DNA sequence: GCATTTTTTAATGCATACGCAATGAAATGC
DNA sequence: GCATTTCATTGCGTATGCATTAAAAAATGC
């Protein structure tokens, strides 16, 4: 049986996050605390606590008397976020390569890469995105810095909502996995500099692709 | 007139932060919500909100029924934090150098460097630390990424409390300013790679010095 | 004595109530 | 009509009370 006892403020946190990612609470929309409380069928107190946490994670903004606003993402925001991800993930890749991980340790990474290949063959973008998430997440875990894990996870969350839009605008990421394999091998073979530089290029490329895409489609906010 | 109306939860945030930095709430100590509420002369509600925010910033931890625990810093934590600072500040330095700032734009940076020199002459460590903070803060501002600003500020806060201890254990930072000047000049002269690499070395050196110091003094927690 | 159960205690999570202040509407003056 | 003031509304910040339940203390059995 799945744990049924979960505090209301925890539930509020989970459900609000889910509703933000799913778009049920859309970017730029405003919501009164009491409205959210009604929606989640609890009092304002736990909702406020959840909202406060989500605000500190950059997903929304509390504006007294105007309501809670789900933050939209501009191309500038994308640039900022990707720059943070680039730096911290590249560092993680370097550290992971220094750590001398066994092939066993790297199995999740390998699995994610295989899954991406499979997803591309089937042209299943959602499955690809899921595997890509797992790759980046595991890479950071292997880097062994829990703060980097937390920050990267936060930044990834900030772009997560927008991805449902961008994912289907972009070309099939057929080339992307070549980079992943190089990073994987560099980590396995203990080549920190290669792991870092390859991953850095990979992320910089992704950033450019994404921002160009937004520009091309004249999307000023997501 | 300074703004006198400040919500209680804002006041709680400010005052709790101050008390953590000053050591009045010491690392590892536990405090009940009601105890903090009494201390700040307000009800538990705004205290809880402030505590929630501070938790998300990594300064403390809420442990139901055991109280709010001010988080101690281990040498491992220091390593993690300095690695994040190293990566993100170096990136900021690189970006600042790319941005083509005028000498005017860089005046705060120059001022901070001068102040550090003056502080060292007077052997005033508190003044030095203050100027050093300003240098690093301004560097990140010049980098132009608001998320990096926020993250760096958060990480700096996490080590701030510990610095009151380490500051007086370490040798006078007489050499440190040479690095700062190189970074400054690289930014002014538009040499991103030099700005980045110099600052990165600077931070790596600081990390090593600090961690060695803790080891030498057998300080497992701060 | 020591382990186990029962009872007591009290900190928290949350609902609720309410005053204040900000916002928009209505009224007033020009 | 337009600007300004007054008024009404209502969302938020905060205090308060209470049920829950984890932890401590006491009681019981061996």
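Protein chains in written order, with this note's numbering: chain E, 82 to 303; chain D, 82 to 303.
Using N, Cα and C, we set each Cβ at its ideal position, and we do this for glycine too.
Since the model is a prediction, treat every value here as computed from it, not as a measurement.
Taking only heavy atoms of the ligand GDP into account, decide whether any of them is closer than 7 Å to the Cβ of residue i.
i              : result
residue 146(E) : The ligand GDP is not part of this structure, which contains no ligands at all.
Taking all protein chains shown into account, decide if residue i is buried (16 or more other Cβ within 10 angstroms of its Cβ) or exposed.
i              : result
residue 99(E)  : exposed
residue 90(D)  : buried
residue 253(E) : exposed
residue 199(D) : exposed
residue 216(D) : buried
residue 95(E)  : exposed
residue 193(E) : buried
residue 279(E) : buried
residue 283(D) : buried
residue 84(D)  : For residue 84(D), the predicted model reports a pLDDT of 49, less than 50, meaning its position is unreliable and no value from the coordinates is stated.
residue 239(E) : buried
residue 236(D) : buried
residue 298(D) : exposed
residue 301(E) : exposed
residue 276(E) : buried
Could you list which residues in chain D have their beta carbon closer than 9 Å to that of residue i, in chain order?
i              : result
residue 149(E) : Near residue 149(E) there are no residues of chain D at all, since even the closest Cβ is about 14 Å away, more than 9 Å.
residue 95(E)  : In chain order: nothing, as chain D lies at least about 16 Å away.
What residues of chain D sit near residue i, judged by a beta carbon separation below 8 Å?
i              : result
residue 232(E) : 165, 232
residue 169(E) : 165, 168, 169
residue 286(E) : Simply none; closest approach about 17 Å.
residue 115(E) : Result: empty, since nearest Cβ-Cβ is about 17 Å, beyond 8 Å.
Since residue i meets chain E, which of its residues come closer than 7 Å, beta carbon to beta carbon?
i              : result
residue 133(D) : 130, 133, 134
residue 155(D) : Near residue 155(D) there are no residues of chain E at all, since even the closest Cβ is about 12 Å away, more than 7 Å.
residue 124(D) : Going along chain E, no residue has its Cβ under 7 Å from residue 124(D), so there is no contact; the nearest lies around 13 Å.
residue 245(D) : Those within 7 Å of residue 245(D) in chain E number zero; the least Cβ separation is about 22 Å.
residue 103(D) : The contacting residues do not exist; residue 103(D) stays about 23 Å from chain E at best.
If you follow the alpha helix (DSSP H) that residue i is part of, which residue opens it and which one closes it?
i              : result
residue 189(D) : 188–202
residue 295(E) : 273–297
residue 269(D) : 257–269
residue 148(D) : It is not in any alpha helix (DSSP H) - residue 148(D) instead sits in the beta strand (DSSP E) that spans 148–151.
residue 236(E) : 227–247
residue 105(E) : Premise fails: residue 105(E) is in no alpha helix (DSSP H) and is neither H nor E.
residue 302(D) : Careful: residue 302(D) lies outside any alpha helix (DSSP H) and carries neither H nor E.
residue 123(E) : Premise fails: residue 123(E) is in no alpha helix (DSSP H) and is neither H nor E.
residue 185(D) : Premise fails: residue 185(D) is in no alpha helix (DSSP H) and is neither H nor E.
Would the beta-carbon of residue i fall within 8 Å of that of residue j?
i              : j              : result
residue 224(E) : residue 173(E) : yes
residue 233(D) : residue 303(D) : no
residue 132(D) : residue 123(D) : no
residue 156(D) : residue 292(D) : yes
residue 244(E) : residue 210(E) : yes
residue 169(E) : residue 168(D) : yes
residue 104(E) : residue 228(E) : no
residue 137(D) : residue 137(E) : yes
residue 154(E) : residue 93(E)  : no
residue 177(E) : residue 113(E) : no
residue 149(E) : residue 141(E) : yes
Which residues in chain E have a C-beta closer than 8 Å to the C-beta of residue i? List them in chain order.
i              : result
residue 161(D) : 226, 227, 228, 229
Mind pulling the chain D residues with CB within less than 7 Å of residue i?
i              : result
residue 86(E)  : Those do not exist, as residue 86(E) stays about 13 Å from chain D at its closest Cβ, beyond 7 Å.
residue 237(E) : Chain D residues near residue 237(E): none, gap ~13 Å exceeds 7 Å.
residue 183(E) : Result: empty, since nearest Cβ-Cβ is about 22 Å, beyond 7 Å.
By the criterion of Cβ-Cβ separation under 9 Å, what are the contact partners of residue i in chain E?
i              : result
residue 172(D) : 164, 165, 167, 168
residue 278(D) : Correct list: empty, because the minimum Cβ distance to chain E is about 14 Å.
Which two residues bound the contiguous beta strand (DSSP E) that contains residue i?
i              : result
residue 144(D) : 141–144
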